[in-house]
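Quick notes on the structure that follows.
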Amino acid sequence: MPTFTLNVNGTQHTVEAEADTPLLWVLRDWLNLTGTKFGCGVASCGACTVLADGQAVRSCVWQVQNAEGVAITTIEGLSPDGSHPIQKAWETVSVPQCGYCQAGQMMTLAGLLNQTKKPTDEQISNAMSAVLCRCGTYHRIRQAAKLAVEETNK
Amino acid sequence: MKKVTIDRRQFVKLTTLGGGGLALGIMLPPFPKMGNRQENSDDPVPCDHFQPSAYIRIDKKGQVTIFVAKQESGQGVNTSLPMIVAEELEVDFQKVKEEIAPFGSLPPEAHDTGGSQSVTGSWEELRKAGAVARTMLISAAAKKWGVNEGVCKAENGMVVNAITGQSISYGDLACDAAGLPVPTEVTLKNIKDFKIVGKEQRKKNLKDILTGQAKYGIDLKLPGMLYAVVERCPVLGGTVASVDDSAALAVPGVIKVVSYPGTGKPMHVHAGVAVVATNIWAAMKGRKLLKINWNEGERNKDSTTQLFKTFAVKAKEQPAKIVHAVGDADAVAAPKSNILSAEYAAPFLAHATIEPPNFIAEVKGDQCELWGGLQLPNWAVETVSTACGIPKNNIKVNLALMGGAFGRRLHSDFAIEAVKIAQQLDKPVKVIWDRTDDIRNGNYRPANYHRLQAKWDAKGAVQTWEHHVLSTPIQWMMEGPESSGGIPSENVGGADKDFWYGIPNIKTSYTPVDINIQRGWLRGVEPVQNVFAVECFIDELARKLKKDPLQFRLDLLEGRQPFAAMWGKTVEPDRLAAVLKLAGEKIGWTQPRKKNHFVGIAGHMFFCDSYAAHAIEIELLAPKKFRLVKIVSTIDCGIVVNPDGLKNQMEGGTVFGLGQALKNEITVENSRVVQDGFFTYELARFNDVPNIEVHTVPSEAKPGGAGEVGVATVSPALCNALAAAGYRPRTLPIKNEGFTWV
Numbered sequence: 007m008p009t010f011t012l013n014v015n016g017t018q019h020t021v022e023a024e025a026d027t028p029l030l031w032v033l034r035d036w037l038n039l040t041g042t043k044f045g046c047g048v049a050s051c052g053a054c055t056v057l058a059d060g061q062a063v064r065s066c067v068w069q070v071q072n073a074e075g076v077a078i079t080t081i082e083g084l085s086p087d088g089s090h091p092i093q094k095a096w097e098t099v100s101v102p103q104c105g106y107c108q109a110g111q112m113m114t115l116a117g118l119l120n121q122t123k124k125p126t127d128e129q130i131s132n133a134m135s136a137v138l139c140r141c142g143t144y145h146r147i148r149q150a151a152k153l154a155v156e157e158t159n160k
Numbered sequence: 003m004k005k006v007t008i009d010r011r012q013f014v015k016l017t018t019l020g021g022g023g024l025a026l027g028i029m030l031p032p033f034p035k036m037g038n039r040q041e042n043s044d045d046p047v048p049c050d051h052f053q054p055s056a057y058i059r060i061d062k063k064g065q066v067t068i069f070v071a072k073q074e075s076g077q078g079v080n081t082s083l084p085m086i087v088a089e090e091l092e093v094d095f096q097k098v099k100e101e102i103a104p105f106g107s108l109p110p111e112a113h114d115t116g117g118s119q120s121v122t123g124s125w126e127e128l129r130k131a132g133a134v135a136r137t138m139l140i141s142a143a144a145k146k147w148g149v150n151e152g153v154c155k156a157e158n159g160m161v162v163n164a165i166t167g168q169s170i171s172y173g174d175l176a177c178d179a180a181g182l183p184v185p186t187e188v189t190l191k192n193i194k195d196f197k198i199v200g201k202e203q204r205k206k207n208l209k210d211i212l213t214g215q216a217k218y219g220i221d222l223k224l225p226g227m228l229y230a231v232v233e234r235c236p237v238l239g240g241t242v243a244s245v246d247d248s249a250a251l252a253v254p255g256v257i258k259v260v261s262y263p264g265t266g267k268p269m270h271v272h273a274g275v276a277v278v279a280t281n282i283w284a285a286m287k288g289r290k291l292l293k294i295n296w297n298e299g300e301r302n303k304d305s306t307t308q309l310f311k312t313f314a315v316k317a318k319e320q321p322a323k324i325v326h327a328v329g330d331a332d333a334v335a336a337p338k339s340n341i342l343s344a345e346y347a348a349p350f351l352a353h354a355t356i357e358p359p360n361f362i363a364e365v366k367g368d369q370c371e372l373w374g375g376l377q378l379p380n381w382a383v384e385t386v387s388t389a390c391g392i393p394k395n396n397i398k399v400n401l402a403l404m405g406g407a408f409g410r411r412l413h414s415d416f417a418i419e420a421v422k423i424a425q426q427l428d429k430p431v432k433v434i435w436d437r438t439d440d441i442r443n444g445n446y447r448p449a450n451y452h453r454l455q456a457k458w459d460a461k462g463a464v465q466t467w468e469h470h471v472l473s474t475p476i477q478w479m480m481e482g483p484e485s486s487g488g489i490p491s492e493n494v495g496g497a498d499k500d501f502w503y504g505i506p507n508i509k510t511s512y513t514p515v516d517i518n519i520q521r522g523w524l525r526g527v528e529p530v531q532n533v534f535a536v537e538c539f540i541d542e543l544a545r546k547l548k549k550d551p552l553q554f555r556l557d558l559l560e561g562r563q564p565f566a567a568m569w570g571k572t573v574e575p576d577r578l579a580a581v582l583k584l585a586g587e588k589i590g591w592t593q594p595r596k597k598n599h600f601v602g603i604a605g606h607m608f609f610c611d612s613y614a615a616h617a618i619e620i621e622l623l624a625p626k627k628f629r630l631v632k633i634v635s636t637i638d639c640g641i642v643v644n645p646d647g648l649k650n651q652m653e654g655g656t657v658f659g660l661g662q663a664l665k666n667e668i669t670v671e672n673s674r675v676v677q678d679g680f681f682t683y684e685l686a687r688f689n690d691v692p693n694i695e696v697h698t699v700p701s702e703a704k705p706g707g708a709g710e711v712g713v714a715t716v717s718p719a720l721c722n723a724l725a726a727a728g729y730r731p732r733t734l735p736i737k738n739e740g741f742t743w744v
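These protein sequence lines are chains A and B, in that order. Just so we're aligned, residue 7 is where the first sequence starts under our numbering, counting upward by one. Just so we're aligned, residue 3 is where the second sequence starts under our numbering, counting upward by one.
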């Protein structure tokens, strides 16, 4: 089986996996970083979103062979102590219910803020509409996203 | 202050607990075997904590752990239930740890989580549990100081001597308290002295969620664990005819392919072929290479197209069963001009939890251990036992946090599958469903159809209300079509004895229609089905009679006394009127509105003793095209335990209902679900959801539930707003009637 060297949350990991294995499963089952979630496997729900060189990508359809040489950030690396402005905003607004999709929600917003420091409401809506929340926390995600944008631009 | 008696059968002092605890009263389960209790052990066990019941543990350092019997799936029981205990216990809630109460530490049904019953059903028990521990800690302090218990009081994790001002922490009292008898009577706090209940509290696992540390069932990993995915027979009741697994077995990492037959009632597990591998990706790749011939059986031609045709025909025929009758609706004569009738329809729905069904099982001989999220672990043990031939007492359950449930995890089909696979392996196995598996093999909210008719007299007073409910009964899947004399009654929620409007002649009836797919309970259950029809039709009636739809409802509730519904529940019409009035006020019902803006309203009582309403404002942008301007959600659920949790539940319920109003739909062809994932089974997304306001009617009634009561009134409120704009959608989701929205 081929080996791949991955840069995840600033740490180098060497993993042995089939080349077409989605990064999602490598993160979860090889590296035990289970904060990134499986929701659909076909990039339809956004639960698996991570950052690749700062950009939000769907790890369920990103093969491990294409993930070498890229700085990968998962929810565990956004900030381990919850101090990132997005995590703080999510905490202040008390967004989660079951919480399962929230890593994908926060990583999606993080990707947007890396691209656009002051996104418009429409840009936030377009980005966040790609991530499903079955508990229905969208109303709070909107409040928290706005708060995170404010805090990021302070 | 309220004195309550402690049921000695429930709080029984046991001699010792395995693991080093001392002499602790604990809930006595109805079955004799329990965990690793060491009965009649004479060995002295060193004391390191006080555990007066299965709910509370206080260690010598003063750390308070509250064990939560109900299963957390986002509804907030891991916070609201510990709040109730902590309130009576008099501790700092921020310092309290919460843990899942292990299955086996309580009577098995204590873990049942559903029907929005967790807070309302646990309220007294948890208050007593907190009060028992507090009473014992006070006794221990009084003994230590040699004073009367009456001069001691508990506050903030300490017992304080009111005369001397001396204090001693719960941690320092733990081992003394552990040696005391469990009191037979305790005093509950006065509600007006509450410090925790009624104040906003953050979710206990909020930080874990935000840092990716929260562990759901799907995140669990056991040493040597294998991974499996399953190809299921597309038709319920079918069997495996033949399998060619040679290509699958050639995939590196795949170690075995195992088949198993399906099961009948209640779980209706599809026959399956599982690919087992050392990693999930190998299993998924192997599955694609399976070549399977299925015997689909004879019931492989059912469709929802035919089902709704059958509904429409039968709706006009004699119903199979009269469910509820007041007066004599048939005897009331009225000219055609004074009769209104209408028919409504709503589709099958899937739960689509974002954490898909998954489960871990390990079988060693006739012993079985399970890991995963279950709303009804006791039922899971029973059904696994029956379906897999393992004695109930040999099944150990380890419960896990759930990434959404909404009724999907009331069923244990996924647990049975995992055990059937594990029975053919010598290692633990984690079975993961992909999204297509989930959408196509659900326990669907029944498709339903309603025919309503009302008659009024010359003065415009409504004289009759007739409601014929037709649906694909859940009960037939659970108990077989022969149950209840063949005709179940699934009318609860506005179409049974709980129908709330004061009309002199009422007749509600039910007709079941079958189809070969599994059914189950979805958040909001039957009220979501019936309230859509009831609250739309009352609105139609108001408009027909040229009356204000809100005032029309209030007039029909006015002066009605509380009345008995099913299951010992009481409907209080005044409380329903109050949530409707509040929703009207907050949407500006009587205020002048902008051009092309319209409002709709709907209300109902849910059998968790809660009342809720929605008022929705839309702006009509073009024919059949609208913008959601604002949604107001109002609730009276009695005493509110966690206002932030309540608000989150009502917002979530609103979004859940909105998805159903706009676009959720499962259809069936050839006894197979057509939709295959989130591209085809469309859920509400961020850009569908407008500003949501939640308002609470203050109440001192016993706490009701909040998980489900926020769903049912969204669809009718939206359809009623569209009616105000000149339309009257009668079929859900409304996208099927050509509506679009921005």
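Glycine residues also receive a C-beta, built at the ideal position from the N, C-alpha and C atoms. Since we're looking at a predicted model, the values are computed, not measured.
With H, G and I counted as helix, E and B as strand and the rest as coil, what does DSSP make of residue i?
i: serine 673(B); result: coil
i: leucine 401(B); result: strand
i: histidine 413(B); result: coil
i: alanine 136(A); result: coil
i: glycine 123(B); result: helix
i: glutamine 563(B); result: coil
i: asparagine 15(A); result: coil
i: lysine 649(B); result: helix
i: leucine 376(B); result: coil
i: proline 718(B); result: helix
i: valine 70(A); result: helix
i: proline 31(B); result: Note that proline 31(B) scores 31 on pLDDT, short of 50, meaning its location in the model is unreliable; the coordinates nonetheless yield the value given after this. In this structure, proline 31(B) counts as coil in the three-state DSSP scheme.
i: histidine 353(B); result: coil
i: aspartate 332(B); result: helix
Quick check: what's the CA-CA separation for residue i versus residue j?
i: alanine 25(B); j: proline 254(B); result: In this prediction, alanine 25(B) scores a pLDDT of 26, lower than 50, which makes its location untrustworthy; the coordinate-derived value is nonetheless stated afterwards. Going by the C-alpha atoms only, they are around 54 Å apart.
i: glycine 239(B); j: leucine 454(B); result: 35 Å
i: glycine 655(B); j: valine 711(B); result: 7 Å
i: proline 102(A); j: threonine 355(B); result: 14 Å
i: threonine 42(A); j: asparagine 192(B); result: 45 Å
i: valine 162(B); j: glutamate 90(B); result: 16 Å
i: arginine 687(B); j: serine 135(A); result: 5 Å
i: alanine 663(B); j: arginine 629(B); result: 14 Å
i: glycine 659(B); j: glutamine 465(B); result: 31 Å
i: isoleucine 130(A); j: glycine 288(B); result: 39 Å
i: lysine 665(B); j: arginine 136(B); result: 51 Å
i: cysteine 54(A); j: glutamine 69(A); result: 13 Å
i: lysine 130(B); j: serine 65(A); result: 48 Å
What span of residues does the alpha helix (DSSP H) with residue i cover, start to end?
i: proline 575(B); result: 575-589
i: threonine 438(B); result: 437-442
i: proline 84(B); result: 79-91
i: histidine 145(A); result: 144-158
Assuming the contact rule is C-beta atoms closer than 8 Å, residue i and residue j should be a hit. Round their C-beta distance to whole Å, please.
i: aspartate 304(B); j: asparagine 518(B); result: 5 Å
i: leucine 679(B); j: valine 48(A); result: It should be pointed out that residue 679(B) corresponds to glycine in this sequence rather than to leucine. Between valine 48(A) and glycine 679(B) the Cβ distance is about 6 Å, and since that is below 8 Å, they are a contact.
i: histidine 697(B); j: valine 634(B); result: 7 Å
i: asparagine 722(B); j: glycine 602(B); result: 3 Å
At which residues does the beta strand (DSSP E) containing residue i begin and terminate?
i: aspartate 246(B); result: 241-246
Kindly list, in the order they appear in chain B, the residues whose Cβ is closer than 9 Å to that of residue i.
i: glycine 105(A); result: Gly76, Lys205, Asn207, Leu208, Asp210, Ile211, Leu212, Ala216, Tyr218, Leu403 and Gly405
i: glutamate 82(A); result: Thr213, Gly214 and Gln215
Would you mind telling me which residues of chain A sit closer than 9 Å to residue i, beta carbon to beta carbon, in chain order?
i: alanine 714(B); result: Going along chain A, no residue has its Cβ under 9 Å from alanine 714(B), so there is no contact; the nearest lies around 14 Å.
i: glycine 444(B); result: Per Cβ cutoff of 9 Å: no residues; glycine 444(B) is ~13 Å from chain A at best.
I want to verify the contact list: residues of chain A whose CB lies under 7 Å from the CB of residue i, in sequence order.
i: valine 657(B); result: Gly142 and Tyr144
(request) May I ask you to list, following chain order, the residues of the segment 42-74 of chain A that have a beta carbon less than 9 Å from some beta carbon of chain C? (result) This model lacks chain C altogether; the protein chains it does include are A and B.
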